[in-house]
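These notes concern the structure reproduced below.
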Amino acid sequence: MYRSYNQSQSFLLPPSLYDFVDEGHPAHLINDLVDQLDLTVLEARNGNLGQPAYHPRLMLKVILYGFTVGIFSSRKLQRACQENLAFKYLAGMETPVFRTFIEFRQRHREDMKGVFVQTVKLARALGLARLGAVALDGTKIDANTSKHKAMSYGRMLEEEKRLQGEIRRLLETAEATDQREDQEYGPEDDGYQVGEELARREQRLKKIQEAKRALEGREQREHPGEPIDPKKQISFADPDARCFTKPSDGTRYVYNAQAAVDMDSQIIVANHVEESVSDAHAAEPILERMEREQGQLPETLVMDAGYGNQDTLASCQQRGVTPVCATAREGKEDREASKLDRLCYDHAPDRFVCPHGHVFQFAHQHSTSGTRTYKTPGPTTCACGHYQTADGRAVIRVPQSHLAKRELQRIMAEPGHRELYRRRKYTAEPPFGQIKAGMGFRRFLYRGREKVGSEWNLVCAAFNVKKLAALLGTRGHPANPGPAAGDEGGNGPLRKLPPLKPFFASRGGLLAWLTPWVRPRAISVAPLAQGV
Ligand SMILES: [Zn+2]
1137 MYRSYNQSQS FLLPPSLYDF VDEGHPAHLI NDLVDQLDLT VLEARNGNLG QPAYHPRLML
1197 KVILYGFTVG IFSSRKLQRA CQENLAFKYL AGMETPVFRT FIEFRQRHRE DMKGVFVQTV
1257 KLARALGLAR LGAVALDGTK IDANTSKHKA MSYGRMLEEE KRLQGEIRRL LETAEATDQR
1317 EDQEYGPEDD GYQVGEELAR REQRLKKIQE AKRALEGREQ REHPGEPIDP KKQISFADPD
1377 ARCFTKPSDG TRYVYNAQAA VDMDSQIIVA NHVEESVSDA HAAEPILERM EREQGQLPET
1437 LVMDAGYGNQ DTLASCQQRG VTPVCATARE GKEDREASKL DRLCYDHAPD RFVCPHGHVF
1497 QFAHQHSTSG TRTYKTPGPT TCACGHYQTA DGRAVIRVPQ SHLAKRELQR IMAEPGHREL
1557 YRRRKYTAEP PFGQIKAGMG FRRFLYRGRE KVGSEWNLVC AAFNVKKLAA LLGTRGHPAN
1617 PGPAAGDEGG NGPLRKLPPL KPFFASRGGL LAWLTPWVRP RAISVAPLAQ GV
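Each residue of the sequence shown is one higher than the last, beginning at 1137 in the numbering used here.
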């Protein structure tokens, strides 16, 4: 005895697309969340020429949902819209071809930042990103290039010389051959292969010279006036990508993707692609973005030792943000600085005390560098100072960077800050894990900083949408009191959040709250006989 099975049966009533996707499916929430985003900018960019375009909301729903389930390529999105019920629902049964996705992302490259900002605003409107404590962290994501498509500066100089020599010789040969052949065949004949070889070398030389210029420009910006280290590398495929070497996994070409995460909800509240593999100067652009995009700064910015320096401190202080930031020990190679690490610092009165109990009092400050000099009041015998004056008093010179480090250490020692710093591990790092392992985003598909920045905005927007869906969809629901389904590893801090208000408990409740006005619920599609 079997259930009846009839594929050619037609529907008695036109089915609603909504019914093809389960009530609790994340696609519904992504659909509703994208419906809440203000896409005026995207809509305005669409011209009125040519074929009517797909609605940006449709495109965005499909692209963002694709990102949450690990589908990043436009060709795979096209296929998903043809085969996958959740995608069919989001696309309203439309089937855009991959070109359309590529063009959409190209046309709206700038707008993806706006889409990301919208997800943060929505989270804040829902009370899910208070911007109290925000953790900032960076992760290296592979660029769309390989280390085999790269060359070091030294090698480029050699190659350039070698190719120039070869080209010169080929030209000489060509000239000689030309003259000979002109005599043999007459001036009209053109057939021989020196031209091809020449063209190939000239093309290669051009490519190397372009890469060399890009590297020189970059080094000039980062280390003005210094000679270029011949070991510095650049990628031909993506000159903006950075070479990153780690003993455990060798050399890779990467982008340093930064994300500031609200420590209560794990919503990404600002993102940025840093110009270098170091995090040292990444706090400034992130704060600047939060100020501009959200009109609000966090109370505290929590960062690991990679950010712990004078510039980070200054960026935070200028904006009234408390930096809770670890600091690195000075390397052994910097002996003057590590000498200072051994001394205790008293904030008031402004003085240092060495392990032997000698006091170094403030003497004066250098007017341009800001380096401060401290001296012992009388002659000492210990070697804690940097040098001794003629009368035997010990002197230390304290650069501003060291004072900044001391200040960061003082802030870290304030009540609650160590605990907050420890919590960073559970809040700032998991989003990267979820983006890489959960969503499967491990490599940028696009090349060049601008395109990569737009891609990172989309990734962060998709992460937020997924996170919001998880927070709203399951938390506080009587049937599912535990951590949200999307939270791989069930991260501690989320569990500590107060439960959402009862009207968020169900989907209908969320919608009722978000959209008091009437919205078209079911999209009915009449001719569906051979569809789905
Ligand atoms: Zn001493």
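All C-beta atoms in this analysis are idealised placements derived from N, C-alpha and C, irrespective of residue type, glycine included.
Residue i Cβ short of 8 Å to ligand 1 heavy atom set
i: His1553; result: no
i: Glu1490; result: According to the sequence as given, residue 1490 is Cys; it is not Glu. Cys1490: yes, Cβ under 8 Å from ligand 1.
i: Ala1518; result: The sequence shown places Cys at residue 1518, not Ala. Result yes, Cβ under 8 Å from ligand 1.
i: His1494; result: yes
Run of the beta strand (DSSP E) containing residue i, from where it starts to where it stops
i: Asp1398; result: Gly1386 to Asp1398
i: Ile1199; result: Not the beta strand (DSSP E): Ile1199 falls in the alpha helix (DSSP H), residues Pro1192 to Thr1204.
i: Gln1369; result: Gln1369 to Ser1371
i: Arg1465; result: Run containing Arg1465: none; DSSP gives neither H nor E here.
i: Asn1407; result: Ile1404 to Glu1410
i: Leu1213; result: No beta strand (DSSP E) holds Leu1213; the alpha helix (DSSP H) holding it covers Ser1210 to Glu1219.
i: Val1157; result: Val1157 -> no beta strand (DSSP E), and no H or E assigned at all.
i: Met1229; result: Element bounds for Met1229: n/a, residue is neither H nor E.
i: Leu1437; result: Thr1436 to Met1439
i: Arg1266; result: Careful: Arg1266 lies outside any beta strand (DSSP E) and carries neither H nor E.
Nearest-angstrom beta carbon gap, residue j and residue i [assumed within contact, 8 Å]
i: Ile1255; j: Val1601; result: Position check: residue 1255 holds Thr in this sequence, whereas Ile was assumed. That belief holds up - the Cβ atoms of Thr1255 and Val1601 are roughly 6 Å apart, short of 8 Å.
i: Val1397; j: Lys1276; result: So it is not a contact: roughly 17 Å between Cβ atoms.
i: Pro1485; j: Thr1507; result: About 19 Å; that fails the 8 Å criterion.
i: Leu1351; j: Lys1368; result: 6 Å
i: Pro1232; j: Tyr1190; result: 5 Å
i: Arg1337; j: Leu1306; result: 7 Å
i: Leu1544; j: Thr1436; result: Their Cβ separation, rounded to whole angstroms, is 13 Å, which puts Leu1544 and Thr1436 out of contact at 8 Å.
i: Asn1392; j: Glu1410; result: 4 Å
i: Thr1281; j: Ser1371; result: 5 Å
Boundaries of the alpha helix (DSSP H) in which residue i is found, first to last residue
i: Tyr1141; result: No alpha helix (DSSP H) holds Tyr1141; DSSP gives it neither H nor E.
i: Glu1429; result: Ala1419 to Gln1430
i: Ala1450; result: Gln1446 to Arg1455
i: Asp1482; result: Here Asp1482 belongs to no alpha helix (DSSP H); instead the beta strand (DSSP E) covers Cys1480 to Asp1482.
i: Phe1147; result: No alpha helix (DSSP H) contains Phe1147, which DSSP labels as neither H nor E.
i: Met1248; result: Asp1247 to Ala1261
i: Phe1234; result: Phe1234 to Arg1243
i: Val1177; result: Thr1176 to Arg1181
i: Leu1165; result: Pro1162 to Gln1172
Test: residue i CB closer than 9 Å to a CB of chain E
i: Ala1598; result: The structure shown contains no chain E; it is built from a single protein chain.
Identify every run of the beta strand (DSSP E) within the segment 1270–1326, keeping only runs that are complete inside it and at least 3 residues long; order them along the chain. Counting whole runs of 3 or more residues, the segment 1270–1326 contains the beta strand (DSSP E) stretches 1286–1288.
Which parts of the segment 1469–1525 are runs of the alpha helix (DSSP H), unbroken and 4 residues or longer, counting only runs that do not cross its ends? 1471–1477
At what residue ranges does the segment 1518–1594 contain a whole run of the beta strand (DSSP E), taking only runs of 3 or more? 1529–1534
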